[in-house]
Every structure is written in structure tokens, then in C-alpha cells.
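Line by line, the protein sequences are chains A and B.
For the first sequence, counting from 1, position 236 maps to 236 in the UniProt record's numbering; every step adds exactly one.
For the second sequence, counting from 1, position 253 maps to 253 in the UniProt record's numbering; every step adds exactly one.
By construction, the Cβ of each residue, glycine as well, lies at the ideal position given by its N, Cα and C atoms.
Number of protein chains: 2
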Amino acid sequence: MTRLAGSSKLLRAMNESATLALLLERGTLTRAELRELTGLSKPTTSDVLRTLTGVGFATVIGHTSGGPGPNAEIYAINPSAAHVAALSIRDVTETAHPAVGAALGDLTGNVLARAEYDLEPSDPITTVVSTVEDLCRRAGLDRGAVTHVQLAVPGSYDPAGDTIRHIDVAGWNRPGLVSDLAGRLDTTVGAENDVNLAAIAERHRGVATGTEGFALLWFGAGLGCAIDLGDTLLRGVSGGAGELGYVPVGQSGKDLQDLVGGPAVLALAAEHGYHARTPEAAVAEAVSHVDGRARTPADPFLKELAERIAVALASVAAILDPPLVVLAGEVAQAGGSVLRDLVAEAFHGATPLRTPIAVTALTDDAVLLGALDAGLRAVRDSLIDSLRHALAPA
Amino acid sequence: MTRLAGSSKLLRAMNESATLALLLERGTLTRAELRELTGLSKPTTSDVLRTLTGVGFATVIGHTSGGPGPNAEIYAINPSAAHVAALSIRDVTETAHPAVGAALGDLTGNVLARAEYDLEPSDPITTVVSTVEDLCRRAGLDRGAVTHVQLAVPGSYDPAGDTIRHIDVAGWNRPGLVSDLAGRLDTTVGAENDVNLAAIAERHRGVATGTEGFALLWFGAGLGCAIDLGDTLLRGVSGGAGELGYVPVGQSGKDLQDLVGGPAVLALAAEHGYHARTPEAAVAEAVSHVDGRARTPADPFLKELAERIAVALASVAAILDPPLVVLAGEVAQAGGSVLRDLVAEAFHGATPLRTPIAVTALTDDAVLLGALDAGLRAVRDSLIDSLRHALAPA
DNA sequence: GAATAGATAGGAAATCTGACTTACTATTGC
DNA sequence: GCAATAGTAAGTCAGATTTCCTATCTATTC
């Protein structure tokens with residue numbers, strides 16, 4: 001329901017925005033292709049591109065060749081027009097300080113620097129600032145080149161109250177932290193739940209590429225769920241939809257946390273003779289047995305685990321009816337396709353639903369990559385509508 | 001991410017659209033108010049309004065008075081610019097023909113005619129056409145005045161396959177039915193699940209007015225769930241999200257249908273000595289006892305029912321974390337605030353979630369009213385973007 | 001020589017600003 | 001109490017501005 005009104009200046013702004021958006025989406029385009037895509041005339045397209053190159057958002061990256069006539073200029077986004085720092089704040093169990101995974105990317109998504117930190121206890125602001133500074137040092141960039149910092153947090157961010165909630169790392173739940181960071185860094189700062197970010201990564205580089213929407217179930221130390229609606233994530237009222245752990249299991253008073261939470265899985269593994277330090281290790285061990293013994297009857301531990309996961313899956317699938325469900329998190333990753341098949345079997349046996357099930361395709365740090373993707377999107381959106389408001393022709 | 005590009009014609013179209021949208025939303029506006037809201041200049045606003053009145057979308061409805069200076073003209077939408085027929089197709093248990101509730105509304109939402117039909121078996125097309133014709137007759141309108149027909153169906157509509165699915169009335173599941181109807185009636189035709197439409201009514205005229213989003217749980221003969229995201233409904237992959245009945249209840253192999261479906265409620269009532277023909281009748285009887293006896297301990301039937309409903313509610317609330325959950329359908333309506341309070345108690349006892357719970361505020365036919373609201377929105381949207389494409393200045 | 005990329009020039013559509021006319025209210029003066 | 005006058009606001013008109021498009025032109029490449 002865009003009910004936008006304005007004058008010829010708005011028109012110009014819209015045409016510039018549209019052109020920039022197309023360049024961001026497609027990577028490289030010639031003037032003729034842009035003309036086709038925007039529907040604008042030759043002179044207008046030229047003029048818009050002149051402005052975009054003038055302010056440094058786009059550049060000529062090369063020339064076509066081969067056909068008759070002059071070689072057309074190929075335009076692309078200027079990768080250095082903006083940079084994004086992504087930080088994954090990890091809850092390292094009982095310690096008061098977080099471990100941090102971090103990456104620095106340019107506007108086209110290239111990763112310019114990446115590092116892991118195991119920081120000594122300190123103020124969150126110091127943690128973030130020094131991390132960003134170190135990333136810039138590694139990439140040989142000035143800190144001012146970073147325009148957006150995206151945080152992945154093991155909790156939920158409530159933008160209304162400007163507070164990170166349900167986070168277990170000291171100092172991070174202070175209201176106003178995010179805007180203080182923005183002021184201190186002189187960038188925009190975004191914070192988002194880690195599972196939601198993993199879902200974003202799954203859409204951009206995983207098994208959910210191109211799907212209309214999907215639900216991602218996270219099985220790790222904790223339990224989580226992200227709901228992708230195609231172009232947005234469904235966030236609950238407090239910024240944390242997908243509190244899967246609270247889904248009741250019948251009227252027993254128990255919930256899914258008691259069934260497929262990290263400790264529950266560990267306990268179940270122990271019952272079946274798998275003694276490991278983490279649930280994913282137990283699952284990995286069970287899977288390796290199965291893989292070795294070819295097509296023997298399923299391992300009873302995995303079978304029971306799959307049945308429990310199927311309960312969680314069926315709850316989500318029945319309520320949302322998504323085009324796809326992705327199993328992710330350390331446990332699901334360790335279980336791989338063996339676990340997936342068992343889950344599918346249990347799921348089909350228990351309900352008439354036929355939702356497709358996939359295991360995450362991301363072997364790298366999905367949360368961090370998702371944070372980078374989300375940060376990129378934020379920066380791109382802000383570039384696009386920076387043109388809508390102010391415009392400074394060279 | 002509107003990446004719209006175009007020429008001055010687009011600009012004019014946008015300004016007309018914006019003006020029309022504002023008129024539809026606010027009802028009546030003076031030129032000065034429109035100027036303020038759109039940001040357009042005086043001459044442009046005048047010009048746009050001239051066009052809108054020229055094509056018959058808007059009319060001068062009166063004049064201001066009292067202040068100094070000339071009396072400003074008050075503009076409003078022309079109610080007769082479009083008409084919507086809403087039909088609620090009801091599954092009358094074992095019969096092969098449906099009962100139909102129907103209403104005819106004008107563009108401002110006024111109901112011009114309303115009727116109930118208990119049709120003899122016939123082709124769906126005949127059913128719909130004759131119903132629409134009868135509505136027009138009652139309202140004293142030509143059939144050509146109807147621009148959109150909105151169907152409420154006890155099933156789900158799959159627009160991709162142009163098929164109404166999961167419907168138990170003979171002839172209605174034929175692929176292509178909806179587009180055939182559109183051709184036969186010479187209108188646009190929409191079909192939508194009845195519970196979803198009840199949610200739309202709840203947003204427009206019920207307890208969900210103004211909320212950011214909500215989940216509506218439907219307890220009647222069947223079990224349903226609609227998810228309102230603020231400006232859209234969440235539809236599943238097959239057009240039917242909210243197959244609440246399939247949510248598993250633990251690993252027992254049972255699901256919510258076995259817990260709070262119509263037959264289950266009826267059976268539970270019988271166990272507690274309430275023998276009625278329908279579940280809502282049983283609930284109504286139990287509630288009337290409670291109401292009489294003031295603050296006595298809760299009726300055990302209602303208490304158990306509330307606990308079961310709380311399980312359904314908790315599943316939905318945990319996965320979606322909506323700002324509000326509305327209990328609707330015949331059973332919830334019969335239970336009223338008595339049942340609501342019991343559900344809230346059970347819900348709070350079983351989970352840490354604190355989602356607000358409300359009972360539907362609609363005593364009238366929510367499904368039919370929702371169909372009217374949905375039809376109106378469809379017509380309004382199509383009017384608004386009819387201006388975007390073609391435009392015929394007088 | 002044919003075809004294409006990009007620039008230039010002229011014209012059309014839509015907007016805005018500022019001045020102008022008209023209509024209504026309120027105050028002042030008799 | 002009535003009438004003339006001053007002030008304010010609605011809506012139109014005219015000129016300037018912005019932006020875009022069509023058509024033409026030049027230059028380049030195969």
C-alpha cells in the first residue's frame with residue numbers, strides 16, 4: 001500500500017533508487033540492460049548513472065566486446081561504497097565474557113577480514129569497538145569506512161525498548177546499549193537473534209535459497225526456531241518468536257525443552273550408552289556407527305531422537321504449513337541426512353502433513369554469515385533510500 | 001522494496017492513487033487536509049480531485065462552515081463506485097448442498113442487503129449467480145454494479161492451482177471453479193478460508209482492532225487457526241496454514257483434534273454429565289451453571305476443557321509469540337469470559353509465556369462480515385492501482 | 001558498410017511558487 | 001441594531017522549473 005505522493009524530484013529519486021537496487025541485486029549491468037529493466041529511456045538512464053557514479057555508488061567495471069558497434073560500458077556497484085562488520089556474540093556457558101566471531105565485508109559481500117576472539121571480561125562497548133578496530137586493521141581499512149555493525153546475540157532484541165533480552169552474558173542486557181554503540185562507533189548498529197540470522201544465511205547460501213518461505217528449527221545447546229516469510233522474518237512481540245522450548249508436550253506439564261533440549265538429548269544418549277560431553281558429539285558418534293554398518297536397522301538412540309524431533313517439527317508444520325522445514329544447529333548438523341531420513345519417517349508416520357524436510361547445508365558459522373548478510377541488507381536498504389531523501393548530484 | 005521507475009505519468013498516477021487511498025482510509029477530507037497529508041501543492045491537489053470526481057470515484061459531500069473565508073468543499077469516496085457481494089458457503093454436515101449467508105456492501109462498507117439461503121442441490125455456479133442476483137434485487141441494484149464477489153469457504157483456496165481444497169461440499173473442489181465464476185459474473189472473485197475471514201472481521205470490528213498482529217484460534221465443529229501479521233494473513237503453502245488439528249500431543253500419536261475438536265469436546269461434556277447435540281450447547285449449559293452460582297469452584301468440565309485449550313494456545317503462542325491470541329468459534333463464544341479466565345489460568349500455570357488472551361467480540365456472523373471486509377479491501381486495492389495503470393481524465 | 005553505444009536537442013507532462021479572485025466572519029462605527 | 005470594513009482562508013491562474021521522452025546525430029566496432 002505505497003501511497004506515496006510527490007513532485008518530479010521524487011521521480012528522479014525513485015529512478016535512482018531503482019537503478020541502484022538493480023545493480024545491487026544483479027551485480028553488473030550494462031546501460032542497455034538497465035534500460036530494459038527499469039523501462040527508462042536512454043538519456044535518463046545515462047543521467048541516472050552519471051549521478052550514481054558521481055556520488056561513488058557505482059563504477060564502470062569494464063566493457064563488452066564482440067558485437068558490432070562500440071563496446072558498451074559495464075556498470076557495477078562500487079564495493080568500497082560501504083562496509084559492514086558482523087559480530088557473533090557467543091555465550092560461553094559459565095564465563096561472564098563472550099567469545100566473539102567477527103567478519104568484515106564490503107558492499108558486494110566480499111569478506112575482507114575474519115577472526116575469532118576469546119576476550120577477557122570487559123564492557124560490551126569496549127569489546128565491540130576493539131573488535132571492529134581489529135577487523136579494520138586486518139583489512140587495511142580506516143574505521144570510518146565501516147557504515148554498519150551487525151550483532152548476532154544469543155537472545156532477542158527488542159527495538160522498542162532498545163534492549164537485548166534473554167541474554168546470559170554480563171552487561172549485554174543494559175537498555176540503550178545498541179544506540180550507545182551506534183553513537184560510539186558512528187555507524188548504524190543492528191542486533192538480532194542468532195537463530196534468526198542462521199535462517200538468513202540459510203536463505204542466502206544454504207538449502208533455503210529461492211524458497212517462498214521456510215521454518216528453521218535449531219537444535220543445539222538451546223532450542224530455537226526462525227520463521228522466514230520470504231522477505232522478512234517473523235519476530236514475535238518481544239522480538240523472539242520461536243520459543244520452541246515452551247511448546248507443551250501434551251498435558252503432562254512438560255515441554256519440548258524436556259524432549260529435545262540439549263540436556264535432554266544428552267540424557268537420552270546416555271540411556272543408550274553414548275557418553276559424550278555435548279549432545280552433538282553423542283549424535284555424531286551414533287551416526288558414525290550407522291554409516292559404518294550400512295543398512296542395518298536404525299540405531300535406537302537416533303530413532304528415539306528422530307521421533308522427538310518429529311514432534312517439534314509437526315507442531316511447527318501444522319501451525320505454519322511452510323513450504324520447507326530446515327533442521328539446523330549442532331545436533332542436526334551432526335545427525336546429517338541419516339537423522340533427516342529418520343525424522344521424515346517418524347514425521348510421516350505421525351501426521352498426514354507432507355512438509356519437505358532438509359538439513360542445513362552450511363558447514364561454516366551460519367550465525368556469523370547470516371549476520372553479514374543481514375548487515376549487508378541493512379546497508380543496501382539505507383543506501384537505496386538515502387537517494388530518496390537527499391540527493392547530491394556531482 | 002518498491003523499486004519503481006517511470007516518467008511523469010507515473011507521478012500523476014501515484015498522486016492520484018495516494019489521494020484515493022487517503023479518501024478510502026479517512027472517509028471524508030477537505031482539500032486542505034489532503035494537501036497536508038499528501039504534501040502536494042494546492043493546484044495539484046485540485047487537479048487530482050478534479051480527475052477523481054470526473055471518473056466517479058470521489059464526490060463533494062458538503063461544505064465546511066464557521067471559520068473565516070470561503071467554505072471548503074468536503075470530499076468523500078463515492079459509495080456507488082463499486083459494490084461487493086460476500087457469500088459464506090457453509091458445510092451443512094451431511095447434505096450435499098450448502099447453506100449460504102450473503103451480504104451486499106457498497107464501497108464505503110455499508111450493507112445494502114443481507115440474506116440467508118438454504119439452497120436445493122445445484123451447481124456451485126448457479127448457486128452463486130442466483131445468490132448475487134437476489135442480493136442485487138433486494139438492494140435495487142443492477143447486477144453489473146457488483147465488481148467483486150468474495151467467497152468464504154470451509155476449506156482452503158489454492159490460487160496457483162485455482163482450486164478450493166479440503167472442502168466437503170459437492171462440486172466445489174473442481175479446479176477452475178473460481179475463474180469460471182469470474183467469467184460468468186463478469187467480476188473479480190476471491191475465495192478464502194472461513195477462519196481466515198473471521199480473523200479479518202476480528203481485526204476490523206472485533207477485539208483485534210489496532211493490534212500489531214494476532215493469532216485467532218477457532219473452536220467449533222472443526223478446529224482452525226488464523227495468523228494475522230498486521231497487514232496480511234499468513235497462508236501456508238497450500239493456502240491453509242493453521243491446521244491446528246494436526247498439532248501432535250506428545251508422542252502418543254494423538255493430536256489436538258483428539259483433544260479439542262468438536263467430537264472430543266462433546267465426548268468430554270458427556271463424561272461430565274452434559275448431554276447436548278453440539279459442543280457449543282454443552283459449553284453454554286455449563287457456563288450458565290457457573291454464572292448462576294457466582295464464585296463457586298469452577299465446573300470440572302469447563303476446567304478440563306480450558307486446560308486442553310491452553311495446550312493448543314501454548315503451542316501457538318510459543319511458536320509465534322503473537323501480541324494477542326483471540327479465542328473464537330462457536331465453542332469459545334459460548335464459553336465467553338468464564339472460559340477465557342479458566343484458559344488464562346491454565347495457560348499461565350503451564351508455561352512462562354504471558355500472551356494476552358481475548359474472546360471474540362463478534363456476535364454476528366464473523367465469517368460473512370470478514371468476507372465483506374476482505375472483498376472491500378480487494379476492490380479498494382484494485383481501484384487504487386487501476387489509477388496506476390490506465391487513467392482517463394474527463 | 002551495417003549495427004550499436006552514447007550524446008544532444010527539442011518538446012511534452014507534471015509539479016511548484018506566488019499572485020489573484022472570491023467568499024465568509026468578525027469587528028468597528030454610527 | 002444595522003451596515004460598512006478589515007481580515008482570513010479557499011480555490012484558480014500564470015509563469016518558471018524539473019524531469020522525462022522521442023528523434024536525431026556522431027562515433028565505434030566487426
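Query	Result
Count the other CB atoms within 10 Å of the CB of GLU280 of chain B; is the residue buried (16 or more) or exposed (fewer)?	buried
Would you list the one or two residues that DSSP bridges to ASN193 of chain A?	A:VAL153
Within this structure, are the beta carbons of ILE200 of chain A and GLY370 of chain A separated by less than 8 Å?	yes
Under 8 Å, Cβ to Cβ, is there at least one residue of chain A near residue 438 of chain B?	Only positions 1 to 394 of chain B appear in this structure, which leaves residue 438 of chain B out of reach.
Taking the alpha-carbon positions, what's the ALA145 of chain B to ARG12 of chain B distance?	27 Å
So, helix, strand or coil for SER122 of chain A, using DSSP?	coil
Return the chain-ordered list of same chain residues with a C-beta closer than 8 Å to the C-beta of VAL290 of chain A, the five sequence neighbours on each side being excluded.	THR296, ALA298, ASP299, LEU302 and VAL338
Please compile the residues from chain B whose C-beta is within a distance smaller than 7 Å of the C-beta of SER252 of chain A.	GLY250
Along the chain, where does the beta strand (DSSP E) that runs through SER65 of chain B open and close?	SER65 of chain B -> no beta strand (DSSP E), and no H or E assigned at all.
Contact check, LEU244 of chain A vs ILE319 of chain B under 8 Å by CB: the rounded distance?	7 Å
Between which two residues does the beta strand (DSSP E) carrying PHE214 of chain B extend?	214–219
Give me the Cα-Cα distance between ALA334 of chain A and ASP162 of chain B, rounded to the nearest whole angstrom.	41 Å
Is the stretch 321–329 of chain B touching the stretch 205–215 of chain B, taking contact as three or more C-beta pairs under 8 Å?	yes
Taking 6 Å as the limit between beta carbons, can you name the residues of its chain near GLN150 of chain B, skipping five residues before and five after?	ALA86, GLY190, ALA371, ALA374 and GLY375
Quick one: residues in its chain with C-beta nearer than 6 Å to the C-beta of ALA366 of chain B, no 5 flanking neighbours on either side, listed in chain order?	ALA198 and ALA201
Let me know if GLU192 of chain B comes out buried or exposed under the rule of 16 or more other beta-carbons within 10 Å of its beta-carbon.	buried
Secondary structure at ARG3 of chain B, three-state DSSP: helix, strand or coil?	coil
ILE167 of chain A lies in the alpha helix (DSSP H); which residues open and close that run?	First-last for ILE167 of chain A: undefined, no H or E at that position.
Along chain A, which residues have their Cβ under 8 Å away from the Cβ of residue 400 of chain B?	Here chain B covers residues 1 to 394 and nothing more, so residue 400 of chain B does not appear.
Measuring only between beta-carbons, confirm whether ASP258 of chain A sits less than 8 Å from chain B.	no
Going by C-alpha to C-alpha distance, which of A:ARG26, A:GLY171 and A:VAL55 sits closest to ASP123 of chain A?	A:GLY171
Return the residues of the stretch 13–28 of chain B that lie within a Cβ-Cβ distance of less than 7 Å from chain A, sorted by chain order.	MET14, ASN15, SER17, ALA18, ALA21 and LEU22
Give the secondary structure of ALA226 of chain B by DSSP, where H, G and I count as helix, E and B as strand, and everything else as coil.	strand
Measure the Cβ-Cβ separation of THR360 of chain B and GLY206 of chain B and say whether it is below 8 Å.	yes
To which residues does DSSP link ALA114 of chain A through a beta bridge?	According to the sequence as given, residue 114 of chain A is Arg; it is not Ala. Bridge partners of ARG114 of chain A: A:ALA103.
In angstroms, rounded to a whole number, what distance separates the CA positions of ARG3 of chain A and THR147 of chain B?	23 Å
Write down every uninterrupted run of the beta strand (DSSP E) in the stretch 329–359 of chain A whose length is 3 residues or greater and which is fully enclosed by it, in chain order.	357–359
First and last residue of the alpha helix (DSSP H) that includes LEU313 of chain A?	300–320
Please report the straight-line C-alpha distance between VAL260 of chain A and ALA269 of chain A, rounded to a whole angstrom.	11 Å
Taking only beta-carbon positions, decide if ARG184 of chain A is within less than 8 Å of chain B.	no
For chain A, check one thing: does any of its Cβ atoms lie closer than 8 Å to the Cβ of SER8 of chain B?	yes
From this set, B:SER17, B:ILE61, B:HIS63 and B:LEU327, which residue's C-alpha is nearest ALA208 of chain B's C-alpha?	B:LEU327
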